[in-house]
Amino acid sequence: MLTPPRTVVRREAGLYALERALQRRGFRHVAGADEAGRGACAGPLVAAAAVLPEGRRGEIEGLADSKLLTPASRERVYAEVVDRALAYAVVVIPAEEVDARGLHVCNLAAMRRALASLTTRPEYVLTDGFGVDGLGVPGLAVWKGDRVAACVAAASVLAKVTRDRIMVEMDEVFPAYGFAEHKGYITPEHSAALREHGPCREHRFSYVNVAAVSGRDGRPPRARRPGGYGPEEPMERSGASGGTVGVALGEQPRPQTPVGEDVAMEGGVR
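Using full-length UniProt numbering, the letters of the sequence shown map in sequence onto residues 1 to 270.
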């Protein structure tokens, strides 16, 4: 019985090695998927997917895990990904849906929707950390995929820049919390603002630290309580109360918004 030839991943190809190896085996369109905002206790969860072209056009200068890039570099790489990608998609899950359905369920659903929304059908899928089933194509969950595979890194940049821009806009409506600086992650400044003002409607009430200051004695609710919270009125966003919102399916990028230096990276305490 003949065995198929081994797939050789060439280290000299760096971030593009895994995709190039898959392309040599006949998988021309390799999609990557990643998310931003798992560790945040406020704001949406954002997932993105991207298919980069083969060859030099798919090689983007400075592409890396979004958490390793400065805000200015992320904006530049974001624009390059949008310009060069064969297809890309971004899905936004509002905080109330994260509360109602649970973080992990929302994370997988968002990546699945982003991948399913790609206008170029992927032949192979690489995801960061978690496998996503139900796609109808082979796939691989890659540990720290945003540092291993270019398409996953591209998706991580799309997701993080989109989310950072949302948090900067949110800061204008809820200025007491400093969302423009920490992007909803758990920092000493954010925790102090939560203690002083209580949570707003953009906080995730299923997170223990938010539940603890919301008058529920540390019992995280599975669904959001009705009514307003915090010192400002709730932020109005198209589709924010209607569930998952797809915000970018190959469209032109939104005007750049200065986002400032990140104080906290992914992986905050839940």
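Ideal Cβ placement from N, Cα and C applies to all residues, glycine included. Please read these numbers as outputs of a predicted model, since none were measured by experiment.
| request: Taking all protein chains shown into account, decide if Glu181 is buried (16 or more other Cβ within 10 angstroms of its Cβ) or exposed. | output: buried
| task | Look at the alpha carbon of Ala114 and the alpha carbon of His197, and state the distance between them as a whole number of angstroms. | result | One C-alpha to the other measures close to 35 Å.
| request: Could you check which residue in Ala49, Pro188, Leu45 and Leu140 has the C-alpha nearest to that of Ala104? | output: Checking the sequence shown, residue 104 turns out to be His, not Ala. If we check each option's Cα against that of His104, Leu45 comes out closest.
| message | Beta-carbon within less than 6 Å of Arg163's beta-carbon, same chain only, minus the 5 sequence neighbours each way: which residues are those? | response | Ala36, Gly37 and Val46
| task | With DSSP as the reference, please indicate the residues paired to Asp34 in a beta bridge. | result | Ala48
| said: List, from N- to C-terminal side, the beta strand (DSSP E) runs of 3 residues or more that fit wholly inside the segment 82–140. | reply: 87–93 and 124–128
| task | Using alpha carbons as the reference points, say which of Arg165, Gly184, Ala141 and Tyr16 lies closest to Glu59. | result | Check the Cα spacing between Glu59 and each of Arg165, Gly184, Ala141 and Tyr16: the tightest is with Tyr16.
| query | Skipping 5 residues on each side, what residues in its chain have a beta carbon closer than 6 Å to that of Ala248? | reply | For Ala248, the predicted structure reports a pLDDT of 40, less than 50, and the residue's modelled location is therefore unreliable. A value from the coordinates is still provided. Around Ala248: Val90.
| request: Measure the alpha-carbon distance for Leu108 versus Arg56 and round it to whole angstroms. | output: 31 Å
| query | In its own chain, which residues sit with a C-beta less than 8 Å from the C-beta of Arg84, not counting the 5 before and 5 after it? | reply | Leu52, Pro53, Arg57, Gly58 and Ile60
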